[in-house]
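S.K.:
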Amino acid sequence: MKDIGQVHNPYQDDKVIDACSLFGAMNTSGRRFSGEDITRAIANMHDRSNGLGGGFAIYGLYPEYADLYAFHIMYLSQEGKTQTEAFLKTKFSIAYDEQMPIRTAARVASPPLIWRYFMDASHHKPEDRSEEDYAIDCVMEINTRLEGAFVFSSGKNMGVFKGVGYPEEIADYFCLERYQGYLWTAHGRFPTNTPGWWGGAHPFGILDWTVVHNGEISSYGINRRYLEQFGYQCTMQTDTEVIAYAIDLLVRKHGLPVEIAARVLAAPLWDDIERLPAGEQELLRTLRQVYGSLLLNGPFTVIIAHQGEMIGLTDRIRLRPLTVGTKGDMLYLSSEESAIRLVCPDVGKTWIPVGGEPVVGRLGAPLQPESVAASGSDATLLEEGQ
Amino acid sequence: MKIRVETNDHTARIDATGLRYRELNTVLKEIVSDGIRKVAVHGVCGQRYLGTGLGRPAEIELFGTPGNDLGAFMDGPRIIVHGNAQDGCGNTMNSGEIIIHGHAGDIAGLSARGGKIFIREDVGYRAGIHMKEYQDKKPVVVVGGTAQDFLGEYMAGGILILLGLNLNDGEYHKAKFIGTGMHGGVIYLKGNVNEYQLGKEVGIAPLEDSDRQVLQKFTGEFAAHFGYEAEELLRHEFIKLYPRWLRPYGKLYAY
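Chain order of the listed sequences is L and Y. The opening position of the first sequence corresponds to residue 54 in the working numbering, with each subsequent residue numbered one higher. The opening position of the second sequence corresponds to residue 457 in the working numbering, with each subsequent residue numbered one higher.
1) Can you pull out the residues from the segment 362–393 of chain L whose beta carbon lies closer than 8 Å to at least one beta carbon of chain Y?
2) In angstroms with no decimal places, state the Cα-to-Cα distance between Y/Phe444 and Y/Glu462.
3) Between Y/Gln542 and chain L, is any beta-carbon pair separated by less than 8 Å?
4) Look up Y/Pro595 in the DSSP assignment and say whether it is helix, strand or coil.
5) Mind pulling the chain Y residues with CB within less than 7 Å of L/Val407?
6) Which residues share a DSSP beta bridge with L/Met79?
7) Can you confirm whether Y/Thr508, when its beta carbon is compared against all beta carbons of chain L, has any partner nearer than 8 Å?
8) Helix, strand or coil: how does DSSP classify L/Lys402 here?
9) Quick one: Cα of L/Ala314 to Cα of L/Ile326, how far?
10) Starting from L/Asp186, follow the alpha helix (DSSP H) in both directions and report where the run begins and ends.
11) Spell out whether any CB of chain L is found under 8 Å from the CB atom of Y/Asp531.
12) Leaving out the 5 sequence neighbours to the left and right, which residues in its chain are closer than 7 Å to L/Val311 when beta-carbon positions are compared?
13) Which whole-angstrom value is the C-beta distance of Y/Leu663 and Y/Lys646, which I expect to be below 8 Å?
14) Any beta carbon of chain L sitting closer than 8 Å to that of Y/Thr521?
15) Excluding the 5 residues flanking L/Tyr285 on each side, which residues of the same chain have their C-beta closer than 6 Å to its C-beta?
16) Counting only beta-carbon separations shorter than 8 Å, does L/Thr403 have a partner in chain Y?
17) Let me confirm a value: L/Val343 is counted as buried when at least 16 other C-beta atoms fall within 10 Å, else exposed. Which label applies?
18) Taking Cβ-Cβ distances below 7 Å as the criterion, which residues of the segment 557–579 of chain Y are in contact with chain L?
19) Does any residue of chain L have a CB that is nearer than 8 Å to the CB of Y/Gly502?
20) Is L/Leu336 helix, strand or coil when you go by DSSP?
21) Considering only C-alpha positions, which residue in the set Y/Gln604, Y/Ala612, Y/Tyr652 is nearest to Y/Ala631?
22) Per the DSSP calculation, L/Trp262 is bridged to which residue(s)?
23) Determine the burial state of Y/Leu697: buried for a count of at least 16 other Cβ atoms within 10 Å of its Cβ, exposed for fewer.
24) Quick check on Y/Asn481: does DSSP put it in helix, strand or coil?
25) List the whole-angstrom C-beta distance separating L/Ile340 from L/Arg316, where the pair is believed to meet the contact cut-off of C-beta under 8 Å.
26) Helix, strand or coil: how does DSSP classify Y/Leu506 here?
27) Can you give the beta carbon distance from L/Ala504 to L/Lys209, rounded, assuming they're within the 8 Å contact cut?
28) Taking Y/Asp471 as the reference, which of Y/Tyr705, Y/Glu486, Y/Gly499 has the closest Cα?
29) Y/Thr447: which of Y/Asn547, Y/Leu621, Y/Gly570 sits nearest, CA to CA?
30) Along the chain, where does the beta strand (DSSP E) that runs through Y/Val537 open and close?
31) Pull up the CB-CB distance for Y/Gly552 and Y/Met530, whole angstroms please, since I reckon it's below 8 Å.
32) Measuring straight from C-alpha to C-alpha, what distance separates L/His125 and L/Asp90?
33) Listed from N- to C-terminal order along the chain, which residues in the segment 635–647 of chain Y have their beta-carbon within a distance smaller than 8 Å of any beta-carbon of chain L?
34) What residues are listed by DSSP as bridge partners for Y/Pro699?
35) When you compare each of L/His307, L/Ala159, L/Trp262, L/Phe243 to L/Thr291 by their alpha carbons, which one comes out closest?
36) What does the alpha-carbon distance come out to for the pair L/Thr238 and L/Ile300?
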């Protein structure tokens, strides 16, 4: 175990000024690239985190098992592994499993045993349950009922890698330079209200949704209770977890477009709604009424990702930073512009999006750089979304 | 770590590639206290607090993207950024100048108590938040483009000028909550705003002669830094935003 004081305050400063660091990179043409640049970019923001959490999500990661659920599971005990594997065998057909490849020389604190499983659910799920809901049921069952076992990645053709350490240390530990993906998100953690443990590092995910987050979700209690009604159980001791479940509920289960879901999570202020045309007013009022319990209150910047999309979103009054950069078919989202320029020195355009306005990169869709000027933009997204 | 510094008379050139902020700031402090008056720093990429703690006047040119809190607590030097600035530039600055040939992120000029910041393009959220002034100390922030929300939030002193050069004729600024909580200082704004975009503590007034003199001086400096014609900048109408109360909450606890 590292001396945490030495890690997060090596100069014995009176006050350690940190924040979280976020970085996302997506090739909207689907070209896959390695983790080296992402690691360099997030490491450039080293001083935003304090060594108590780092992590990555990678999409297009397992093309050889693209149709299978890829579960990444951390075990705090051998007993947990035995129980979990017995459970998995009754619920899935396991095509392949292995211990997560790691670099044992890497500097990380108290790593748990981490294992990955590639599994088919189609022959096991009940007829009246969708495959996705069935997979979520199994994740919730393991995370709430089985001692010392946590599923922290449960999508197809994607994966989450995370733990306690600086993000560059986590990348080293999991040998991320060997992996390829067309969409990467990364996080450096500065834990504020909850412990720095392996399950508490970002990204948080369910199915192929992942979230990295800088900020605090003050509405966590309300959001959590609402999501519990739909079978989502919060087990990771960190507010960010609710965002992953909320977006799964809104987009996958309720079929809302991402742009509309963003209006639920970061609902426009009532005063702003009153100045909009009647139709938009009605839509936004309805969203606030129906999904009031999913409003994310408090300061946040998040990068939400799933297969084919990367979304940057901040709270309505932009209490946490986000910078966007584009070059050709590459989209970058970052807490700091310097990290983008480090890995893309000739980035075409960088800008600071407006609070509450999602920035969306889509596979196969050209980027939309000009519509969101640094100075602000009208609420035109809804018109486009309709 | 060996740091690449080339010096020549009173000038120096530093290659900051891969340097941590502590290393870079230490080198800057050393060479400025050794009498160097002009420094060019290349390969700047996210290093924080550049320009802090330099006890002497010096001109520092930065090539790249400096990190957060550029010129924090700065007292005297002039920093020229060939690129964009990140968040918090000029944090609690006391004197000196920051000239940015690009845009600046959030909270530019926060808590500044003196000095000048010139930004060629836009600023992010909360530019000029809680700037203050005392006697001859009066911070000035001039923004060539437009601003995001909460411009001049809790402003307690100083001068904020928004030139709106990237707005089309008749186009409105989009910032909302301008001057929310403002209780000192002044904002001069070119380009239109709706009443609802202003904080409730802010009043609108036409310019007086003394205002025009202030504008002339600082837009003149802005024009000189970025190659504009000063008269061209002053051709359009400005409005003046001022705090309606100097102590908005003075009676909050008096009953």
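Ideal Cβ positions, reconstructed from N, Cα and C, are used throughout, including at glycine.
M.R.: In short:
1) Ile370, Arg371, Pro374, Thr376, Glu389, Glu390, Ser391, Ala392
2) This structure cannot settle anything about residue 444 of chain Y, because the visible part of chain Y is limited to 457 through 711.
3) For this step, residue 542 of chain Y is matched to residue 86 along the second sequence. Closer than 8 Å to some Cβ of chain L, the Cβ of Y/Gln542 qualifies, so yes.
4) By 1-based counting over the second sequence, the position of residue 595 of chain Y is 139. Note: Y/Pro595 maps to coil in three-state DSSP.
5) For this step, residue 407 of chain L is matched to residue 354 along the first sequence. In chain order: Gln604.
6) For the purposes of this step, residue 79 of chain L is identified with residue 26 of the first sequence, where counting begins at 1. Note: L/Met79 sits in a beta bridge opposite L/Leu236, L/Leu384.
7) Along the second sequence, read from residue 1 onward, the residue named residue 508 of chain Y stands at position 52. With 8 Å as the cut-off, Y/Thr508 does not count as an interface residue toward chain L.
8) Against the first sequence, residue 402 of chain L aligns to sequence position 349. Reduced to three states, the DSSP call for L/Lys402 is strand.
9) Looking up residue 314 of chain L in the first sequence gives position 261. Looking up residue 326 of chain L in the first sequence gives position 273. Taking the straight line from one Cα to the other gives about 16 Å.
10) Residue mapping note: residue 186 of chain L aligns to position 133 of the first sequence, counting from 1. Its alpha helix (DSSP H) spans residues 184–198.
11) The count along the second sequence starts at 1 and reaches residue 531 of chain Y at position 75. Closer than 8 Å: no.
12) Reading the first sequence from its first residue, position 258 is the one you call residue 311 of chain L. Within the same chain, L/Val311 has close Cβ partners Val304, Glu362, Ile364, Pro411, Val413.
13) The residue labelled residue 663 of chain Y in the question sits at position 207 within the second sequence. The residue labelled residue 646 of chain Y in the question sits at position 190 within the second sequence. Not confirmed; about 11 Å, so no contact.
14) Numbered from 1 along the second sequence, position 65 holds the residue referred to as residue 521 of chain Y. Yes, its Cβ sits closer than 8 Å to a Cβ of chain L.
15) Position 232 of the first sequence holds residue 285 of chain L. For L/Tyr285, where only same-chain residues beyond five positions count, the Cβ hits under 6 Å are Tyr298.
16) For this step, residue 403 of chain L is matched to residue 350 along the first sequence. L/Thr403 counts as touching chain Y.
17) For this step, residue 343 of chain L is matched to residue 290 along the first sequence. Flag for L/Val343 reads exposed.
18) His559, Gly561, Asp562, Asp578
19) The sequence position of residue 502 of chain Y within the second sequence is 46, counting from 1. It does: the Cβ of Y/Gly502 has a partner Cβ on chain L nearer than 8 Å.
20) As a working note, residue 336 of chain L is residue 283 in the first sequence. In this structure, L/Leu336 counts as helix in the three-state DSSP scheme.
21) Within the second sequence, the letter at position 175 stands for residue 631 of chain Y. Of the listed residues, the one whose Cα sits closest to Y/Ala631 is Y/Gln604.
22) Translated into positions along the first sequence, residue 262 of chain L becomes position 209. Partner(s): L/Ile259.
23) In the second sequence, counting from the first residue as 1, residue 697 of chain Y sits at position 241. Classification of Y/Leu697: buried, given that the 10 Å Cβ count is 16 or more.
24) As a first step, residue 481 of chain Y is located in the second sequence; it is residue number 25 there, counting from the start. Reduced to three states, the DSSP call for Y/Asn481 is helix.
25) If you number the first sequence from 1, residue 340 of chain L lands on position 287. If you number the first sequence from 1, residue 316 of chain L lands on position 263. First, the residue type needs correcting, since residue 340 of chain L is Leu and not Ile in the sequence shown. That pair is a contact at about 6 Å.
26) Taking the second sequence and counting its residues from 1, one reaches residue 506 of chain Y at position 50. Correct three-state label for Y/Leu506: coil.
27) Since the first and last residues shown for chain L are 54 and 439, residue 504 of chain L lies out of range.
28) Stepping through the second sequence from its first residue, residue 471 of chain Y is reached at position 15. If we check each option's Cα against that of Y/Asp471, Y/Gly499 comes out closest.
29) Since the first residue shown for chain Y is 457 and the last is 711, residue 447 of chain Y is missing from the structure and cannot be characterised.
30) Here the question's residue 537 of chain Y lines up with position 81 in the second sequence. Per DSSP, Y/Val537 belongs to the beta strand (DSSP E) from 531–538.
31) On the second sequence, position 96 is the one that residue 552 of chain Y refers to. On the second sequence, position 74 is the one that residue 530 of chain Y refers to. With a Cβ gap of about 5 Å, Y/Gly552 and Y/Met530 count as contacting.
32) Stepping through the first sequence from its first residue, residue 125 of chain L is reached at position 72. Stepping through the first sequence from its first residue, residue 90 of chain L is reached at position 37. Cα to Cα, the separation comes out at about 23 Å.
33) none
34) In the second sequence, residue 699 of chain Y corresponds to position 243, counting from 1. In the DSSP output, where bridge partners are listed per residue, Y/Pro699 has Y/Val658.
35) Against the first sequence, residue 291 of chain L aligns to sequence position 238. Closest by alpha carbon: L/Phe243.
36) Position 185 of the first sequence, counted from the start, is the residue given in the question as residue 238 of chain L. Position 247 of the first sequence, counted from the start, is the residue given in the question as residue 300 of chain L. One C-alpha to the other measures close to 17 Å.
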